[in-house]
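All remarks here apply to the structure that follows.
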Amino acid sequence: FKQFLDKNGIVHETSCPYTPQQNGVAERKNRHLMEVARSMMFHTSVPKRFWGDAVVTACYLINRIPTKILNDLSPFQVLNQTEPSIDHLRVFGCVCFVLIPGE
1 FKQFLDKNGI VHETSCPYTP QQNGVAERKN RHLMEVARSM MFHTSVPKRF
51 WGDAVVTACY LINRIPTKIL NDLSPFQVLN QTEPSIDHLR VFGCVCFVLI
101 PGE
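Start counting the sequence shown at 1; every next residue gets the next number (UniProt numbering).
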């Protein structure tokens, strides 16, 4: 495990159980994920039963957005060494999409 972490440049830090104060980075990421999901739910006015879908979609989008901490690369780009495709993305919560033949 230690070799894998070293090889991939991952810093492993432990914290005491049930002390989120010691886990600031993870807590902040969690908060960001929930804020994005909540914004998508509010913007589209979808029923609460779509909360899980909103969280999964938010995570998917966040992992494809460039960030300054990664020198304006996305986490997806750093992990896969290729730019993410965004051609397939659609507005969250839309009931249907228009197909224009030949495009």
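Where a beta carbon is used, it is the ideal one built from N, C-alpha and C, also for glycine.
Keep in mind the model is a prediction, meaning the values are calculated, not measured.
For L5, the three-state secondary structure derived from DSSP is helix. By the neighbour-count criterion, in which 16 or more other beta carbons inside 10 Å mark a residue as buried, A58 falls on the buried side. In the three-state reduction of the DSSP assignment, L61 falls in the helix class, which pools H, G and I.
Residues L33, A37 of the same chain have their beta carbon placed closer than 7 Å to that of V55, with the five preceding and five following residues left out of the count. Following the DSSP letters along the chain, one finds K68 in no alpha helix (DSSP H), marked with neither H nor E. Bounds of the alpha helix (DSSP H) holding K29 are 24 to 44. The beta carbon of C16 sits closer than 7 Å to the beta carbons of Q22 from its chain, once the five residues preceding and following it are set aside; these are given in chain order.
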